[in-house]
Amino acid sequence: MNPIRPSAPGTPPDSRAAAPASSSPAPGPASAAASDDAVFAPASASSPAASASAAAACAADPRAAAGDDARGNRRKKAPAHVRAQLLQAAAEIATELGVQAVTLDAVAERAGVSKGGLQYHFRSKQALFDALFGQTLERFEQTMQAHLAGDPHPQGANARAYLHAAMNETSPAASTNLLRVLVSSMMTDPEARERWAQPMREIARPDPLPLEQAARLMICRLAADGLWISELLGYQNLPSGLRDEIVRQLETMTLSGA
């Protein structure tokens, strides 16, 4: 602590030096809020007493410091939260009104975000749809990984995981509706089809096996694709018993030669 220098002749004494530090009351809710402001305010070289006061307030009331940490965490999470809101808004507009209705202005308005805030995350409509497709593909891969983890047979495991992920009946309706829109977009937009085809090829790539086995497993994948697309677009609605039997027979094919 700096020693208190005597006042120059003719100047009044410093009232801050005369006030004992212990006379300040413990900060209550209102003073804690004031101390929060002091913590986040930049320190001034000319007023060290302000910094000391803020530190003392936080020490006296640990809840104030904890509140600061919580607010800091919320600030860090805010961009991810905004991004998720924007993707949700784009998905809702696409499924309710179609791909053509998805504009930056419409998405920003639905999400309650400024257009500038939207463009911080997504520079274009294409970037929005690429992100939505990425989310969908990630869910598909997660479903595959879950089946792989529980499959005791290594032979044909990738093909079986692909089959069950494609035939997954537990997907929420909102995800299915969005996927329908994305698939339709691929059929009508060559650029989107080319961009999104590459990661799909990686998931469905042939197994590094002898030709006959690799062909049999690829037939299972292609059959799963055909059934999945026909159901997704609504021109095939098989009875559940027949559908289950098709999946069972395809699964048996993946085990042939095991």
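Count the sequence shown with my numbering and you get residues 97 to 354, in order.
Every residue gets a Cβ at the ideal spot worked out from N, C-alpha and C, and that includes glycine.
Predicted model, so just to flag it, every value in this text is computed and none were measured.
Does the region 188-204 come into contact with the region 276-287, if we say contact requires no fewer than three beta-carbon pairs (one atom in each stretch) closer than 8 Å?
yes
Roughly how many whole angstroms lie between the Cα atoms of residue 209 and residue 223?
The count along the sequence shown starts at 1 and reaches residue 209 at position 113. The count along the sequence shown starts at 1 and reaches residue 223 at position 127. About 17 Å.
Smallest Cα separation from residue 312: which of 253, 263, 328, 334?
If you number the sequence shown from 1, residue 312 lands on position 216. The candidate whose alpha carbon is nearest that of residue 312 is 253.
When DSSP labels each residue in this structure, what does residue 332 get in the three-state scheme?
Along the sequence shown, one-based indexing puts residue 332 at 236. For residue 332, the three-state secondary structure derived from DSSP is coil.
Does the count of Cβ pairs from the region 325-335 and the region 232-246 closer than 8 Å reach three?
no
From residue 352 to residue 187, what does the alpha carbon distance come to, in whole angstroms?
Residue mapping note: residue 352 aligns to position 256 of the sequence shown, counting from 1. Residue mapping note: residue 187 aligns to position 91 of the sequence shown, counting from 1. Going from the Cα of residue 352 to the Cα of residue 187 covers about 41 Å.
Measuring only the C-alpha atoms, how far is residue 235 from residue 303?
Residue mapping note: residue 235 aligns to position 139 of the sequence shown, counting from 1. Residue mapping note: residue 303 aligns to position 207 of the sequence shown, counting from 1. Approximately 22 Å, taken between the alpha carbons.
Taking the alpha carbon of residue 214 as the reference point, which residue from 261, 176, 282, 347 has its own alpha carbon closest?
Counted from its first residue, the sequence shown places residue 214 at position 118. Ranking 261, 176, 282, 347 by CA distance to the CA of residue 214 puts 176 first.
Alpha carbon to alpha carbon, what distance is there between residue 225 and residue 185?
Locating residue 185 in the sequence shown gives position 89, where the first residue counts as 1. Locating residue 225 in the sequence shown gives position 129, where the first residue counts as 1. Taking the straight line from one Cα to the other gives about 12 Å.
Using the beta-carbon count (16 or more within 10 Å), is residue 255 buried or exposed?
Counting from one through the sequence shown, the residue named residue 255 turns up at place 159. When all chains shown are included, residue 255 counts as buried.
Considering only the alpha carbon of each residue, which of 299, 329, 307 lies closest to residue 317?
Position 221 of the sequence shown holds residue 317. Per the Cα distances, 299.
State buried or exposed for residue 260, treating a residue as buried only when at least 16 other CB atoms are found within 10 Å of its CB.
As a working mapping, residue 260 is identified with position 164 in the sequence shown. With 16 or more other Cβ atoms within 10 Å, it is buried.
Please check the pair residue 323 and residue 342, which I expect to be a contact at CB under 8 Å, by giving their CB distance rounded to whole angstroms.
For the purposes of this step, residue 323 is taken as residue 227 along the sequence shown, with counting starting at 1. For the purposes of this step, residue 342 is taken as residue 246 along the sequence shown, with counting starting at 1. Yes, they are in contact, since the Cβ atoms of residue 323 and residue 342 sit about 7 Å apart, within 8 Å.
Go ahead and label residue 340 buried or exposed: buried means 16 or more other beta carbons lie within 10 angstroms of its beta carbon, across all protein chains shown.
In the sequence shown, the residue the question calls residue 340 occupies position 244. It is exposed - the Cβ of residue 340 has fewer than 16 other Cβ atoms within 10 Å.
So the candidates are 290, 348, 288, 274; which of them puts its Cα closest to the Cα of residue 189?
Here residue 189 refers to the residue found at position 93 of the sequence shown. Comparing Cα positions, the closest option is 274.
Return the chain-ordered list of same chain residues with a C-beta closer than 8 Å to the C-beta of residue 327, the five sequence neighbours on each side being excluded.
Here residue 327 refers to the residue found at position 231 of the sequence shown. Within the same chain, residue 327 has close Cβ partners 333, 334.
Please check the pair residue 346 and residue 320, which I expect to be a contact at CB under 8 Å, by giving their CB distance rounded to whole angstroms.
Within the sequence shown, numbered from 1, the residue matching residue 346 stands at position 250. Within the sequence shown, numbered from 1, the residue matching residue 320 stands at position 224. 7 Å between Cβ atoms; contact.
I need the boundaries of the alpha helix (DSSP H) containing residue 289, first residue and last residue.
Taking the sequence shown and counting its residues from 1, the one referred to as residue 289 is at position 193. That run of the alpha helix (DSSP H) goes 286-299.
Do residue 292 and residue 283 have their C-beta atoms within less than 8 Å of each other?
Residue mapping note: residue 292 aligns to position 196 of the sequence shown, counting from 1. Residue mapping note: residue 283 aligns to position 187 of the sequence shown, counting from 1. Contact annotation: residue 292 and residue 283 have beta-carbon atoms that are not nearer than 8 Å.
Which residue's Cα is closest to the Cα of residue 233: 179, 221, 294?
For this step, residue 233 is matched to residue 137 along the sequence shown. Residue 233 has its Cα closest to that of 294, out of 179, 221, 294.
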